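Everything below concerns the one structure shown next.
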Amino acid sequence: MIRSITKPKSIEEIERLLDGLNRIFIIGCGTCVTLTHTGGAPEVAAMKEILLESGKLVTGQIVVPVACDNLTSEILNEEMGKIEQADVLLIMTCAFGVQTVSSQLKKMVVPALDTLFIGKETAYGQFNEICTQCGTCIIGETGGICPVTNCHKGLVNGPCGGTNQGKCEIDSNKDCAWTLIYNRLMELGRLDSMRKLQGPRNFLGEPTPGKYEISKS
Amino acid sequence: MEIKTNSRLEKVLKNGHMAVTSECGPPRSSDPAHIIEKGHLIKNHVDAINITDNQTSVTRLCSLAACIHLKQEGLEPVLQMVVRDRNRIALQSDILGAASHGIHSMLCLSGDHQRFGDSPEGQNVFDIDSMQLLQTVRYMRDEGKFLGGDAIKVPPNMFVGAAANPFADPFEIRVPRLAKKIAAGAEFIQTQCVYNLDKFELWMKGVVERGLHEKVFIMPGITPMRSVGMAKYMARAVPGMDVPKELIDRLSSVPKDKQSEEGITIAVEAMDRLKECTGVAGFHIMAIEWEEKVPEMVERAGLYPRPEID
Chain A
1 MIRSITKPKS IEEIERLLDG LNRIFIIGCG TCVTLTHTGG APEVAAMKEI LLESGKLVTG
61 QIVVPVACDN LTSEILNEEM GKIEQADVLL IMTCAFGVQT VSSQLKKMVV PALDTLFIGK
121 ETAYGQFNEI CTQCGTCIIG ETGGICPVTN CHKGLVNGPC GGTNQGKCEI DSNKDCAWTL
181 IYNRLMELGR LDSMRKLQGP RNFLGEPTPG KYEISKS
Chain B
1001 MEIKTNSRLE KVLKNGHMAV TSECGPPRSS DPAHIIEKGH LIKNHVDAIN ITDNQTSVTR
1061 LCSLAACIHL KQEGLEPVLQ MVVRDRNRIA LQSDILGAAS HGIHSMLCLS GDHQRFGDSP
1121 EGQNVFDIDS MQLLQTVRYM RDEGKFLGGD AIKVPPNMFV GAAANPFADP FEIRVPRLAK
1181 KIAAGAEFIQ TQCVYNLDKF ELWMKGVVER GLHEKVFIMP GITPMRSVGM AKYMARAVPG
1241 MDVPKELIDR LSSVPKDKQS EEGITIAVEA MDRLKECTGV AGFHIMAIEW EEKVPEMVER
1301 AGLYPRPEID
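Quick mapping for you: the protein sequence lines, in order, are chains A and B.
In terms of our numbering, the first sequence opens at residue 1 and continues consecutively.
In terms of our numbering, the second sequence opens at residue 1001 and continues consecutively.
This is how it looks when you write it as structure tokens:
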């Protein structure tokens, strides 16, 4: 299942963001950040301890099931008494959750995490970005392996000169995406695909901010 | 062969001469004196001088400005352009700018990842890749159009080259990859430093079998070793570099103060041997911060004097 992958901000940064804000309500999430151990129930409890030790007052805390869901506002409504007593919401979810809460409650929010990428758990405790949602998928010609995501340079026409014994020049533990593609295409008997010159990518396929509407026809 | 541009390098190659290019790296400074000085050191012994583009991802005086400085001194620069730092608007704009200054040769490269340099936190642009940059330059020159399709009133007059690494893995794709670069528009090739001559010749054999040497001018890269330490470092730490053990042993066998001389001799011997290799059209000498040795190498390899070209 795809997940929003996060890592904790440093305590120093959180303290700076909370400077002058003494009454805090903490929100965690039971989905992605629980899996990554960055914003589930144990992490929310630990954060509460840290804040109390630094002299802050915690008006309450909650771990909502899915912070980015529109139903989050209904769950938070039940906590409104404690939320209203707070100067700020410290939100231990990915930025989707932070922005969902921020748009629902009109309260000052501080994210406790940095959102890294949308990825999946490929082994226990190991998360990888599989797709960057570029909007112009070419993996039908690369044996199902995405060079836009897996090559550090996002090269779509074959490996750079830094491919090194099947590994990437910038990380000797990481496979060169184009070596993987070469091996896969060879297995599939489709090496000819590598001859195709891919034209310049269409970044309009990935307009920022992304927006898509199901046509009403 | 039809001469398509005002590039001196193109004229030398298409007139059937064995070409010699070298490279100079711009300073990390706004003072151009040093690169101008380096250019003058080698100008009589090479046909053109590549100017690197923020090599190893370290911020330097820009390649285009350095090329203009050399051009103003009457030297012949080859503009190196990496796609790491600029999007397609900036790249096309710089190509026009270069052509407007009479710079008529360029080398299209991916560029080292910025993680290696002084700005590892910088944005990774790679809007287009080196293959697409080749296509872009050729499209601008031959079709007289920008990538977006609009007409260019006076198209840039550029002889276009690319790099090739015959030693990177998997070896089997190295010849097809060259073919792809030729299809994208490469007219000359400067290769990764060649130390493993057997493997280079094997690659060239594949190139010649496919007739690719008749479609592109291939210039093996030559970098003299200054010491056994440098040889060991390149063998160990530089991705895609093939330094045979015999070369390291040979350097180790001479006293430390004679190693640089031995390194030059090895480079000259490599050029002597590769001159005879079918499909080799010249040499690209990358004497990293050792430009003063280029004239000696060119002379000892029997490549001096350089041909007179109008």
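Beta carbons are placed, not taken as given, at the ideal position from N, Cα and C, and that holds for glycine.
Owing to the predicted nature of the structure, the values given are computational and were not obtained by experimental measurement.
Assumed close pair residue 1212 of chain B, residue 1182 of chain B - CB separation to whole angstroms, cut-off 8 angstroms: Indeed, because the Cβ distance is near 6 angstroms, the residues count as touching under 8 angstroms.
Identity of the residues DSSP links to residue 4 of chain A by a beta bridge: Paired residues: A:118.
Cβ of residue 1221 of chain B less than 7 angstroms from any chain A Cβ? By this cut-off, residue 1221 of chain B is not an interface position.
Using the DSSP secondary-structure output, state which residues sit across from residue 1283 of chain B in a beta bridge. Bridge partners of residue 1283 of chain B according to DSSP: B:1020.
Counting along the chain, where does the alpha helix (DSSP H) carrying residue 14 of chain A start and finish? Per DSSP, the unbroken alpha helix (DSSP H) holding residue 14 of chain A starts and ends at 11 to 17.
Do the segment 1168 to 1188 of chain B and the segment 1259 to 1278 of chain B meet, that is, are 3 or more Cβ pairs less than 8 angstroms apart? Not touching, per the Cβ criterion.
Work out the CA separation of residue 14 of chain A and residue 45 of chain A for me, nearest whole Å. One Cα belongs to residue 45 of chain A, the other to residue 14 of chain A, and the distance between them is close to 16 angstroms.
For a cutoff of 7 angstroms on Cβ pairs, would you count residue 161 of chain A as touching chain B? Answer yes: the Cβ-Cβ gap between residue 161 of chain A and chain B drops below 7 angstroms somewhere.
Which chain A residues sit within Cβ distance under 9 angstroms of residue 1213 of chain B? Under the 9 angstroms cutoff, chain A gives no residues; its nearest Cβ is about 19 angstroms from residue 1213 of chain B.
Flag this pair as yes or no: are the beta carbons of residue 97 of chain A and residue 137 of chain A separated by less than 7 angstroms? For residue 97 of chain A and residue 137 of chain A, no; Cβs fall outside 7 angstroms.
Counting only the same chain and skipping the five closest in sequence on each side, list residues whose C-beta sits under 6 angstroms from that of residue 1208 of chain B. Excluding the 5 residues flanking it on each side, residue 1208 of chain B has same chain C-beta neighbours closer than 6 angstroms at 1278 and 1279, in chain order.
Which partner residues of residue 1155 of chain B appear in the DSSP bridge assignment? None; residue 1155 of chain B has no bridge partner.
Hey, quick one: how far does the alpha helix (DSSP H) through residue 96 of chain A stretch, first residue to last? Element bounds for residue 96 of chain A: 95 to 105.
Beta-carbon separation (whole angstroms), residue 119 of chain A vs residue 130 of chain A, contact threshold 8 angstroms: Sure, about 6 angstroms apart at Cβ, within 8 angstroms.
Pairwise C-alpha distance: residue 145 of chain A and residue 1012 of chain B: Rounded to the nearest angstrom, the two C-alpha atoms are 43 angstroms apart.
When you compare the CB of residue 157 of chain A with every CB in chain B, is at least one pair closer than 7 angstroms? Answer yes: the Cβ-Cβ gap between residue 157 of chain A and chain B drops below 7 angstroms somewhere.
With residue 1190 of chain B as the anchor, note down where its beta strand (DSSP E) starts and where it stops. Its beta strand (DSSP E) spans residues 1188 to 1193.
Run down chain B in chain order and give the residues with a C-beta less than 7 angstroms from the C-beta of residue 182 of chain A. Against chain B, a Cβ distance below 7 angstroms from residue 182 of chain A picks out 1170 and 1173.
is_contact[residue 1165 of chain B, chain A] using C-beta, thresh 7 angstroms: Chain A contact via Cβ: present.
With a cut-off of 8 angstroms on the beta carbons, I'd call residue 1228 of chain B and residue 1252 of chain B a contact; round off their distance for me. Going by Cβ atoms, the distance from residue 1228 of chain B to residue 1252 of chain B rounds to 5 angstroms, so yes, they are a contact pair.
Taking 7 angstroms as the CB-CB cut-off, is residue 1113 of chain B touching chain A? Taking Cβ atoms only, chain A reaches closer than 7 angstroms to residue 1113 of chain B, which makes this a yes.
Would you say residue 1055 of chain B reaches chain A, if we count a Cβ-Cβ gap shorter than 7 angstroms as a contact? Residue contact check for residue 1055 of chain B against chain A: no CB pair falls below 7 angstroms.
I'd like the span of the beta strand (DSSP E) that includes residue 1220 of chain B, first residue to last. For residue 1220 of chain B, the uninterrupted beta strand (DSSP E) run begins and ends at 1217 to 1222, by DSSP.
So for residue 1087 of chain B, helix, strand or coil by DSSP? Coil.
Any C-beta of chain B within less than 8 angstroms: which residues of the segment 192 to 210 of chain A qualify? Cβ proximity to chain B below 8 angstroms picks out 194, 195, 197, 198, 199, 200, 201 and 203 from the segment 192 to 210 of chain A.
So residue 164 of chain A contacts chain B; which residues on that side make the cut at Cβ distance below 8 angstroms? Those are 1168, 1169, 1239 and 1240, listed as they occur along chain B.
Out of curiosity, what's the CA-to-CA distance linking residue 1006 of chain B and residue 1163 of chain B? Inter-residue distance for residue 1006 of chain B and residue 1163 of chain B is about 21 angstroms (C-alpha atoms, whole angstroms).
Indicate whether residue 41 of chain A and residue 59 of chain A have their beta-carbon atoms separated by less than 7 angstroms. Not closer than 7 angstroms, so no.
Going by the beta-carbon positions, is the gap between residue 62 of chain A and residue 79 of chain A smaller than 7 angstroms? In this structure, residue 79 of chain A lies closer than 7 angstroms to residue 62 of chain A by Cβ.
Run through the DSSP bridge pairs and tell me what residue 60 of chain A is partnered with. Paired residue(s): A:25.
What are the residues of the segment 144 to 155 of chain A that lie near chain B, defined by any Cβ-Cβ distance shorter than 8 angstroms? Correct list: 152, 153, 154 and 155.
Going straight from the alpha carbon of residue 1073 of chain B to that of residue 1036 of chain B, what length do you get? As the crow flies, the alpha-carbon of residue 1073 of chain B is around 8 angstroms from that of residue 1036 of chain B.
Taking the CB atoms as reference points, tell me whether residue 1282 of chain B and residue 1219 of chain B lie closer together than 7 angstroms. Yes, these two residues count as a Cβ contact at 7 angstroms.
Is the beta carbon of residue 1027 of chain B closer than 7 angstroms to that of residue 1061 of chain B? Yes, they are a contact pair.
Under the DSSP definition of a beta bridge, which residues are partnered with residue 1105 of chain B? Looking at the DSSP assignment, residue 1105 of chain B forms a beta bridge with B:1159.
Please determine, among B:1039, B:1048 and B:1058, the residue with the shortest C-alpha to C-alpha distance to residue 1084 of chain B. Among B:1039, B:1048 and B:1058, the Cα nearest to that of residue 1084 of chain B belongs to B:1058.
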